[in-house]
Amino acid sequence: MSRTDCICNRNIKIIAAYVRSRLGHHDSLFDGLPYPTDHYSRPEDFFLNEDEWTTFEIFHRIFRKARHMVGEPYFYFNCGASSAALRSWGRFNYFVRLFRSPSDGYRRISFFNQNFNDTKDIEVIVPPYRDREYGRFRTILMVRYHSDIDLQKDYISDPYRRGIIASIPTIWDLRPADVRQPLSAFDPVILLNEEEEFKPLGLAAKIEGNRLTVRDPMDGTRKVVGEKIILEPDFISGKPFFLGKYRPLPESAPGKEERSRAALIITETLVVNNRIILREGEIFNAPYFVLDVTYDELSLIERFSLALRVRNAPSDTGKGLIDTINRLRETMEARNRAYHELEQVNARLIEAKKKVDDYARNLEQKVEERTMELCQAKEELMRLNRDLEAKVDRQVRELKRYSELRRYLSPKITEKILSSGAPLGAEPQRRMVSIVFSDIRNFSSLTDNLEPEELFHLLDRYLSEMTAIVHAYEGTLNKIIGDGMLVFFGDPVPIQDHAHRAVMMAVDMQRKVRDLKDEWLHYGYELGVGIGINTGYVTVGNIGSDMHKDYTVIGNQVNVASRLESLAKPGQILISHRTYSRIKGDFPAEKVGEIRVKGIHQPILTYNIKA
Numbered sequence: 068m069s070r071t072d073c074i075c076n077r078n079i080k081i082i083a084a085y086v087r088s089r090l091g092h093h094d095s096l097f098d099g100l101p102y103p104t105d106h107y108s109r110p111e112d113f114f115l116n117e118d119e120w121t122t123f124e125i126f127h128r129i130f131r132k133a134r135h136m137v138g139e140p141y142f143y144f145n146c147g148a149s150s151a152a153l154r155s156w157g158r159f160n161y162f163v164r165l166f167r168s169p170s171d172g173y174r175r176i177s178f179f180n181q182n183f184n185d186t187k188d189i190e191v192i193v194p195p196y197r198d199r200e201y202g203r204f205r206t207i208l209m210v211r212y213h214s215d216i217d218l219q220k221d222y223i224s225d226p227y228r229r230g231i232i233a234s235i236p237t238i239w240d241l242r243p244a245d246v247r248q249p250l251s252a253f254d255p256v257i258l259l260n261e262e263e264e265f266k267p268l269g270l271a272a273k274i275e276g277n278r279l280t281v282r283d284p285m286d287g288t289r290k291v292v293g294e295k296i297i298l299e300p301d302f303i304s305g306k307p308f309f310l311g312k313y314r315p316l317p318e319s320a321p322g323k324e325e326r327s328r329a330a331l332i333i334t335e336t337l338v339v340n341n342r343i344i345l346r347e348g349e350i351f352n353a354p355y356f357v358l359d360v361t362y363d364e365l366s367l368i369e370r371f372s373l374a375l376r377v378r379n380a381p382s383d384t385g386k387g388l389i390d391t392i393n394r395l396r397e398t399m400e401a402r403n404r405a406y407h408e409l410e411q412v413n414a415r416l417i418e419a420k421k422k423v424d425d426y427a428r429n430l431e432q433k434v435e436e437r438t439m440e441l442c443q444a445k446e447e448l449m450r451l452n453r454d455l456e457a458k459v460d461r462q463v464r465e466l467k468r469y470s471e472l473r474r475y476l477s478p479k480i481t482e483k484i485l486s487s488g489a490p491l492g493a494e495p496q497r498r499m500v501s502i503v504f505s506d507i508r509n510f511s512s513l514t515d516n517l518e519p520e521e522l523f524h525l526l527d528r529y530l531s532e533m534t535a536i537v538h539a540y541e542g543t544l545n546k547i548i549g550d551g552m553l554v555f556f557g558d559p560v561p562i563q564d565h566a567h568r569a570v571m572m573a574v575d576m577q578r579k580v581r582d583l584k585d586e587w588l589h590y591g592y593e594l595g596v597g598i599g600i601n602t603g604y605v606t607v608g609n610i611g612s613d614m615h616k617d618y619t620v621i622g623n624q625v626n627v628a629s630r631l632e633s634l635a636k637p638g639q640i641l642i643s644h645r646t647y648s649r650i651k652g653d654f655p656a657e658k659v660g661e662i663r664v665k666g667i668h669q670p671i672l673t674y675n676i677k678a
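Our numbering applies: residue 68 is where the sequence shown begins, and numbers increase by one.
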């Protein structure tokens, strides 16, 4: 299901940049188009804002108008192909530094597509590989429109999309990719008769029997340019895909299963006014689009040169960019509250200005009255300015406190502390808490075998799921160090059943680990996590300097939990006797034995949670 505003304005930025490169300007491109005038003073400010989205209809109006202004036969393809050279992708140019080669870009094309439109999905069905027959690298993509989008009305996006895909290797100063489209989901009859690009040609396309015929623009006679076929699947990783293999239509009436695979192949190239309209070998009426992309890769010397440039480049990595975006998104609600307050103040300022303007129109008749009221307005403005500064200061302090708290706590606990007005960790305190350590087993072997981008994806998904579980049980997420986590219960908001919550959280974590195993096995690694839990008195509070402080727990009982985690096997939850005494009877557990911990004189009796 697609959203109403289904086209990201990044596409419009690409169009405007290409028009400007060809004409020197894009004047009148947005004339007469509706836009949100309550937020933007000019249409350019809205349509060139890459964070905004627009409708399918408005996007098409802009795109067709741009084609009319430039007047190129292959405008739509050229526009898409210009995006890399003109760097018209907006902030997406930052992500280029994360990629080592064109293959990296093609592997992640699904992600970028989702941030450019909400009308279709692009799937990589054959990942990039070196094709010996072509002597180049090759990948195969599938494009499938959402069910609520009429793809027959989106022809102009097809060459535009192919142009963008072809431009990817040029980021590395390589020649453009060759993009062949063996399968198309367009209906050629609708396309040739109703699409604005072809309607003036008067081709009068229609299906006669099992053949596609058109009116020859040269002599007016009808000619056969295509015939019906049955698609045959290829199997990739055990899944069937249509990639262009076919057989003739049977002489007898096709069955239901064959009708579902019926398509139409072009048998003769159709050229009108030196423009190729249909190309021999293209297949239409397919269930989806297939793009066969071949391209050059970087040589060893070019890869080495690129690695040096990346090493010497600023360290603002993609992870830092994503983290920044996430933090902005998470604090947006708090910021909106501050802006709402500012808008109310601004409304009062506008009202005061309106009164001043009214008085000015009656200047000759009410000089004395105007003078007095201007003085009152000035005093009101001064008071409003003072109030505005105070409100802004309060909002800034509130946002700072919220930012500090959300690093450790669930949204529910954060709201409790904010409503109480108490500072976090002003003075160190002794507290009875339950401490939990978790760690992925044999993680170092995974880091040696995976690319950084793949490792980042797996670790980000794992930590997101674990953090959600921590917040669900109102735990305090103290630290994330690589693949390990430190969580404690009972502070800064006291919890009576902190031991019980710690064990419940650990059980849910192991359940979620089992759910994630299949994805990790896809990369050749069996995910296993060890967890250790201990209950006891610790010191909690802020540690550090004015430049950087960390809210944490210290004490021997923390070391006990860490030691239990290091001894836990994959899938195991080891708890101390102190924790066991508080949850005994609630969870099945078996005695493991005693361990010794540095700084603790007596051995620690340990148990294994069997849930």
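Beta carbons are placed, not taken as given, at the ideal position from N, Cα and C, and that holds for glycine.
Check: Do you know offhand how far D653's Cα is from E521's?
Finding: For the purposes of this step, residue 653 is taken as residue 586 along the sequence shown, with counting starting at 1. For the purposes of this step, residue 521 is taken as residue 454 along the sequence shown, with counting starting at 1. Approximately 39 Å, taken between the alpha carbons.
Check: For W156, does the three-state DSSP call read helix, strand or coil?
Finding: Along the sequence shown, read from residue 1 onward, the residue named residue 156 stands at position 89. Three-state result, W156: coil.
Margin query: Taking 6 Å as the limit between beta carbons, can you name the residues of its chain near I176, skipping five residues before and five after?
Written below: Within the sequence shown, residue 176 is the residue found at index 109, counting from 1. Excluding sequence neighbours, I176 sits near I189.
Checklist line | Candidates P315, L310, L279, S327, of which the one nearest T336 by Cα | finding: Your numbering for residue 336 matches position 269 in the sequence shown. Considering only alpha carbons, the answer is L279.
Next item on the list: Measure how close the beta-carbons of F351 and S251 come, nearest whole angstrom, since I'm counting them as under 8 Å.
Entry: Here residue 351 corresponds to residue number 284 of the sequence shown, with the count starting at 1. Here residue 251 corresponds to residue number 184 of the sequence shown, with the count starting at 1. Contact holds; Cβ gap of about 5 Å.
Next item on the list: Counting only the same chain and skipping the five closest in sequence on each side, list residues whose C-beta sits under 6 Å from that of F253.
Entry: As a position in the sequence shown, residue 253 is number 186, starting the count at 1. Close CB contacts of F253 within its chain, under the 6 Å cut and outside five residues either way in sequence, are with F351 (chain order).
Check: Per DSSP, D301 forms a beta bridge with which residues?
Finding: Counting from 1 along the sequence shown, the entry for residue 301 is found at position 234. DSSP lists F308 as partners of D301.
Check: For A353, which residues of its own chain have a beta-carbon under 8 Å away from its beta-carbon, when the five flanking residues on both sides are left out?
Finding: Start at 1 with the first residue of the sequence shown, and residue 353 comes out as number 286. So the qualifying residues of the chain are L250, S251, A252, L298, F309, A330.
Notebook entry, point to check: Would DSSP call V191 helix, strand or coil?
Noted result: Position 124 of the sequence shown, counted from the start, is the residue given in the question as residue 191. DSSP places V191 in strand when its eight states are reduced to three.
Notebook entry, point to check: Just reading off the alpha helix (DSSP H) that S214 is part of, what are its end residues?
Noted result: Mapped onto the sequence shown, residue 214 falls at position 147. Here S214 belongs to no alpha helix (DSSP H), and DSSP marks it neither H nor E.
Notebook entry, point to check: Between D72 and T104, is the Cβ-Cβ spacing less than 8 Å?
Noted result: Walking along the sequence shown from the start, residue 72 turns up at place 5. Walking along the sequence shown from the start, residue 104 turns up at place 37. The answer is no: Cβ separation not under 8 Å.
Next item on the list: Return the CA-CA distance between S170 and V357, expressed in angstroms with no decimal places.
Entry: Translated into positions along the sequence shown, residue 170 becomes position 103. Translated into positions along the sequence shown, residue 357 becomes position 290. Answer to the nearest angstrom: the Cα atoms are 18 Å apart.
Check: Is I333 helix, strand or coil when you go by DSSP?
Finding: Position 266 of the sequence shown, counting from 1, holds the residue named residue 333. Residue state, collapsed to three classes: strand.
Next item on the list: For E139, count neighbouring Cβ atoms within 10 angstroms of its own Cβ and tell me buried if that reaches 16, exposed if not.
Entry: Against the sequence shown, residue 139 aligns to sequence position 72. Flag for E139 reads exposed.
Checklist line | Outcome for A83 when other beta-carbon atoms lying within 10 angstroms are tallied against a minimum of 16 | finding: For the purposes of this step, residue 83 is taken as residue 16 along the sequence shown, with counting starting at 1. With 16 or more other Cβ atoms within 10 Å, it is buried.
Next item on the list: Taking the CB atoms as reference points, tell me whether I676 and I640 lie closer together than 8 Å.
Entry: Taking the first residue of the sequence shown as position 1, residue 676 is located at position 609. Taking the first residue of the sequence shown as position 1, residue 640 is located at position 573. Going by C-beta atoms, I676 is nearer than 8 Å to I640.
Note to self: Tell me the DSSP secondary structure of Q563 in three-state form.
What the structure shows: Position 496 of the sequence shown, counted from the start, is the residue given in the question as residue 563. Coil.
Margin query: Helix, strand or coil for M285? Go by DSSP, reduced to three states.
Written below: Position 218 of the sequence shown, counted from the first residue, corresponds to residue 285. Look at M285 here: in three-state DSSP terms it is coil, with no helix or strand label.
Next item on the list: Would you please state the rounded distance, in angstroms, between the beta carbons of F126 and N182? I believe it to be under 8 Å.
Entry: Residue 126 sits at position 59 when you count from the first residue of the sequence shown. Residue 182 sits at position 115 when you count from the first residue of the sequence shown. F126 to N182, Cβ: 15 Å. No contact.
Next item on the list: For T534, I'd like the list of residues in its chain whose CB is within less than 7 Å of its CB, leaving aside the five on either flank, ordered along the chain.
Entry: On the sequence shown, position 467 is the one that residue 534 refers to. If we look at T534 and ignore the five residues flanking it on each side, its Cβ neighbours are L544.
Margin query: Closest to Q563 by C-alpha separation, out of M499, R508, D527, A539, would be which residue?
Written below: Position 496 of the sequence shown, counted from the first residue, corresponds to residue 563. Checking every option, the nearest Cα to that of Q563 belongs to M499.
Checklist line | Nearest-angstrom Cα separation, counted from M552 out to F523 | finding: As a first step, residue 523 is located in the sequence shown; it is residue number 456 there, counting from the start. As a first step, residue 552 is located in the sequence shown; it is residue number 485 there, counting from the start. Here the alpha carbons of M552 and F523 stand approximately 16 Å from one another.
Margin query: For L451 and L441, I'd like the C-alpha separation in whole angstroms.
Written below: For the purposes of this step, residue 451 is taken as residue 384 along the sequence shown, with counting starting at 1. For the purposes of this step, residue 441 is taken as residue 374 along the sequence shown, with counting starting at 1. When rounded, the distance between both Cα atoms is 15 Å.
Note to self: Looking at the strands, I want to know which residues DSSP matches up with C75.
What the structure shows: To locate residue 75, count along the sequence shown from 1; it is residue 8. Bridge partners of C75: W120.
Next item on the list: Confirm, please, whether the CB-CB distance from I547 to L525 is below 8 Å.
Entry: Stepping through the sequence shown from its first residue, residue 525 is reached at position 458. Stepping through the sequence shown from its first residue, residue 547 is reached at position 480. In this structure, I547 does not lie closer than 8 Å to L525 by Cβ.
Checklist line | Terminal residues of the beta strand (DSSP E) in which K658 lies | finding: For this step, residue 658 is matched to residue 591 along the sequence shown. Taken as a continuous stretch (DSSP letters only), the beta strand (DSSP E) holding K658 covers 656-662.
Check: What's the call for I74, buried or exposed, on a 16-neighbour Cβ count within 10 Å?
Finding: Residue mapping note: residue 74 aligns to position 7 of the sequence shown, counting from 1. So I74 ends up on the buried side.
Notebook entry, point to check: Whose CA, out of Q624, Y647, M571, A635, lies closest to the CA of H668?
Noted result: To locate residue 668, count along the sequence shown from 1; it is residue 601. Out of Q624, Y647, M571, A635, Q624 has the C-alpha closest to the C-alpha of H668.
Checklist line | Rounded straight-line distance, which links the Cα of I536 to that of G681 | finding: Given that the chain is displayed from residue 68 to residue 678, the structure contains no residue 681 and the question cannot be resolved.
Check: Which residues in the same chain as E447 place their Cβ atom closer than 7 Å to its Cβ, once the five residues preceding and following it in sequence are excluded?
Finding: Stepping through the sequence shown from its first residue, residue 447 is reached at position 380. These residues qualify, in order along the chain: A419.
Next item on the list: Please work out which residues of its chain come closer than 6 Å, Cβ to Cβ, to Y406, disregarding the five sequence neighbours upstream and downstream, and give them in chain order.
Entry: Residue numbering aside, residue 406 sits at position 339 when the sequence shown is read from its first letter. Residue confidence is low: Y406 scores 44 on pLDDT, short of 50, so the model does not pin down where it sits. No coordinate-derived value is stated.
Item checked: Local conformation of K290 per DSSP, three classes -> Residue mapping note: residue 290 aligns to position 223 of the sequence shown, counting from 1. Under the three-state reduction of DSSP, K290 is assigned to strand.
Next item on the list: Report the residue from S234, W239, A573, K132 whose alpha carbon sits nearest the alpha carbon of E364.
Entry: Walking along the sequence shown from the start, residue 364 turns up at place 297. Ranking the options by Cα distance to E364, first place goes to W239.
Margin query: Any contact between the stretch 502-509 and the stretch 589-599? By contact I mean 3 or more CB pairs, one from each, below 8 Å.
Written below: yes
Margin query: Tell me the residue span of the alpha helix (DSSP H) that contains I343.
Written below: To locate residue 343, count along the sequence shown from 1; it is residue 276. Segment 342-345 is the beta strand (DSSP E) holding I343; no alpha helix (DSSP H) there.
Note to self: Just list the residues that DSSP pairs L641 with in beta bridges.
What the structure shows: Position 574 of the sequence shown holds residue 641. The partner list for L641 (beta bridge, DSSP) reads G599, N675.
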